[in-house]
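Residue numbers (my numbering): 10 to 542.
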């Protein structure tokens with residue numbers, strides 16, 4: 010296509026002066042800069058028209074990238090443009106692009122087609138595109154799209170990014186299906202940074218794989234009228250997923266610049282922060298996260314039929330520290346985490362929290378989160394009685410050495426269960442609760458046993474029981490007789506030697522019944538203690 014003798018363009022192309030200058034800059038790896046001294050005229054998203062003096066044809070750009078001239082001696086060919094308008098459709102489908110590509114502040118007249126193409130590194134910075142079609146794109150290095158504006162969505166389905174994917178401050182609007190970024194099955198070798206990004210539509214990352222961390226710090230995902238704003242089931246992140254606030258006080262966002270490697274530091278005290286906001290459902294079902302899922306300073310505004318779904322996720326740490334609106338649900342069914350870091354006011358209210366099968370090992374509450382509020386948290390997840398959340402909470406407290414709190418949780422479970430029983434069961438439950446707290450306070454059973462023994466002894470001292478047979482049996486001892494009635498199984502030789510009558514018969518029957526209740530309660534409490542040990 011090019012003149013093999015001097016690397017010049019073929020005459021039949023009829024290059025304009027601007028395109029000829031771009032051709033020469035490509036061979037020397039220089040930046041072809043067509044910006045004007047007036048900054049407002051250089052914004053590719055602005056209303057100002059760029060004339061032929063700032064325009065190059067997409068077919069010429071494609072020729073340079075796919076079959077361009079050799080570089081000048083001692084140089085490496087590279088396409089570097091700044092403030093250039095590219096007319097026509099840039100179609101590199103299935104092509105292999107060897108030169109380095111970096112475009113700043115460029116305006117694309119029509120969509121960019123990169124499906125099944127291969128790049129070393131591709132950087133589009135602060136550019137304006139109607140649409141980016143890049144399914145099954147492969148890069149050896151980075152793919153950068155910071156501060157770009159894409160009006161009809163991005164498609165990165167099954168793309169393979171060798172190192173980093175940078176989407177900081179990207180503004181992307183939905184395609185005709187309501188999807189802003191389609192990245193199902195995408196793999197990123199290292200980090201994916203989409204900080205301070207604004208996505209209008211569904212961000213879809215089903216079965217995507219991120220080699221290090223995925224950061225959406227300070228971003229806004231908005232799809233209030235669709236089902237989900239972030240749809241990423243079976244997402245794998247080797248380290249941490251950040252859906253958190255971003256510190257913006259130390260970065261010159263007003264000048265339109267982006268830190269070269271994103272906003273990776275934790276905001277310091279006094280630094281202005283921008284929260285992560287999600288207006289629409291989030292689906293992270295079956296995700297695997299190597300270090301943590303972090304919702305610090307996240308704000309969720311969901312409709313009544315939308316969810317933050319974390320079904321069956323696995324991660325060493327879940328930081329649930331965001332702000333929750335009144336509507337929508339949080340679903341943690343089957344999720345497994347080691348550390349649960351949370352605040353009471355981060356969780357939704359009754360009927361909006363589902364935790365069936367949710368397991369965690371250690372609770373790390375931040376702020377005021379006493380056991381009474383923790384029980385309210387469990388109650389919010391169980392509008393209808395379910396034992397699992399109570400047992401999971403009790404197990405976590407017991408493993409942390411908080412046995413008293415664990416027993417209080419199990420007692421609360423029995424009281425919730427009592428409300429589901431028929432009237433006879435409720436009455437029996439109230440009796441057990443009043444007397445021995447369902448066996449979770451065995452000391453109370455011992456106190457009752459002592460009180461009953463003393464009262465029975467006094468009664469039998471005042472009203473001795475006649476012997477079953479005169480002249481036979483042991484000598485009358487009200488202390489031993491009362492104790493023999495109260496303690497089941499063990500026979501002290503007193504209970505069958507005497508013949509109670511009248512009111513004493515009822516007293517004896519009540520003592521035997523209460524003795525069985527108290528003894529079984531103490532035995533149950535002792536067995537639980539032995540199992541814990």
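Even glycine gets a Cβ: it sits at the ideal position worked out from N, Cα and C.
Residue i beta carbon near the ligand GTP (any heavy atom closer than 7 Å)
{"i": "residue 130", "result": "Here there are no bound small molecules, and the ligand GTP is not part of this structure."}
CB contact flag (residue i, residue j, <8 Å)
{"i": "residue 238", "j": "residue 214", "result": "no"}
{"i": "residue 226", "j": "residue 204", "result": "yes"}
{"i": "residue 331", "j": "residue 312", "result": "no"}
{"i": "residue 292", "j": "residue 323", "result": "no"}
{"i": "residue 138", "j": "residue 159", "result": "yes"}
{"i": "residue 358", "j": "residue 392", "result": "no"}
{"i": "residue 433", "j": "residue 476", "result": "no"}
{"i": "residue 174", "j": "residue 206", "result": "no"}
{"i": "residue 197", "j": "residue 170", "result": "yes"}
{"i": "residue 353", "j": "residue 386", "result": "yes"}
{"i": "residue 150", "j": "residue 187", "result": "no"}
{"i": "residue 38", "j": "residue 110", "result": "no"}
{"i": "residue 300", "j": "residue 318", "result": "no"}
{"i": "residue 133", "j": "residue 148", "result": "no"}
{"i": "residue 5", "j": "residue 190", "result": "Nothing can be reported for residue 5: it is not among the residues displayed for the chain, which extend from 10 to 542."}
{"i": "residue 146", "j": "residue 122", "result": "no"}
{"i": "residue 28", "j": "residue 66", "result": "yes"}
{"i": "residue 509", "j": "residue 517", "result": "yes"}
Rounded C-alpha distance that separates residue i from residue j
{"i": "residue 320", "j": "residue 366", "result": "9 Å"}
{"i": "residue 523", "j": "residue 495", "result": "7 Å"}
{"i": "residue 31", "j": "residue 21", "result": "17 Å"}
{"i": "residue 411", "j": "residue 418", "result": "11 Å"}
{"i": "residue 182", "j": "residue 161", "result": "5 Å"}
{"i": "residue 285", "j": "residue 243", "result": "22 Å"}
{"i": "residue 93", "j": "residue 64", "result": "6 Å"}
{"i": "residue 309", "j": "residue 129", "result": "38 Å"}
{"i": "residue 208", "j": "residue 288", "result": "10 Å"}
{"i": "residue 355", "j": "residue 49", "result": "43 Å"}
{"i": "residue 376", "j": "residue 421", "result": "23 Å"}
{"i": "residue 380", "j": "residue 449", "result": "16 Å"}
{"i": "residue 254", "j": "residue 527", "result": "55 Å"}
{"i": "residue 89", "j": "residue 212", "result": "30 Å"}
{"i": "residue 177", "j": "residue 431", "result": "60 Å"}
{"i": "residue 47", "j": "residue 127", "result": "36 Å"}
{"i": "residue 398", "j": "residue 470", "result": "51 Å"}
{"i": "residue 372", "j": "residue 344", "result": "15 Å"}
{"i": "residue 45", "j": "residue 103", "result": "35 Å"}
{"i": "residue 423", "j": "residue 400", "result": "11 Å"}
{"i": "residue 513", "j": "residue 479", "result": "19 Å"}
{"i": "residue 251", "j": "residue 304", "result": "7 Å"}
{"i": "residue 19", "j": "residue 83", "result": "23 Å"}
{"i": "residue 363", "j": "residue 369", "result": "14 Å"}
{"i": "residue 51", "j": "residue 34", "result": "20 Å"}
{"i": "residue 241", "j": "residue 329", "result": "18 Å"}
{"i": "residue 271", "j": "residue 283", "result": "In this prediction, residue 271 scores a pLDDT of 41, lower than 50, which makes its location untrustworthy; the coordinate-derived value is nonetheless stated afterwards. Answer to the nearest angstrom: the Cα atoms are 14 Å apart."}
{"i": "residue 521", "j": "residue 497", "result": "7 Å"}
Own chain partners of residue i with C-beta closer than 8 Å, once the 5 adjacent residues on each side are dropped
{"i": "residue 435", "result": "427, 428"}
{"i": "residue 135", "result": "53, 113, 114, 155, 156, 157, 265"}
{"i": "residue 220", "result": "196, 197, 198, 199, 200, 247"}
Chain-order list of residues whose beta-carbon lies under 6 Å from that of residue i (same chain, five-residue window excluded)
{"i": "residue 466", "result": "487, 488, 491"}
{"i": "residue 43", "result": "63, 92, 93"}
{"i": "residue 117", "result": "95, 138"}
{"i": "residue 327", "result": "302, 346, 349"}
{"i": "residue 184", "result": "161, 162"}
{"i": "residue 425", "result": "394"}
8 Å Cβ cutoff, residue i in contact with chain C
{"i": "residue 293", "result": "Absent here is chain C; the protein component of the structure consists of one chain."}
Cut-off 7 Å between Cβ atoms - residues of its own chain near residue i, not counting five sequence neighbours on either side
{"i": "residue 415", "result": "403, 406, 407"}
{"i": "residue 16", "result": "36, 78, 79"}
{"i": "residue 485", "result": "473"}
{"i": "residue 390", "result": "362, 363, 364, 398"}
- Task: Write down every uninterrupted run of the beta strand (DSSP E) in the region 367–410 whose length is 3 residues or greater and which is fully enclosed by it, in chain order.
- Result: 368–374
- Query: Contact between the region 141–158 and the region 72–83: three or more CB pairs below 8 Å?
  - Reply: no
- Decide yes or no for the touch test of the region 45–58 against the region 95–102: beta carbon pairs closer than 8 Å, at least 3 of them. no
- Query: At which residue ranges does the region 190–240 contain complete beta strand (DSSP E) runs of 3 or more residues, listed in the order of the chain?
  - Reply: 207–209, 211–213, 229–231, 237–240
- Query: Considering only residues of the region 87–120, which uninterrupted beta strand (DSSP E) runs meet the minimum length of 3 residues and lie entirely inside it, listed in chain order?
  - Reply: 87–91, 94–96, 109–113
- Completely contained beta strand (DSSP E) runs for the region 275–357, where each covers 3 or more residues: 285–288, 290–292, 301–303, 307–309, 316–318, 323–329, 338–340, 345–351
- For the region 55–91, list the beta strand (DSSP E) runs that are entirely contained and at least 3 residues long, ordered along the chain. 64–66, 87–91
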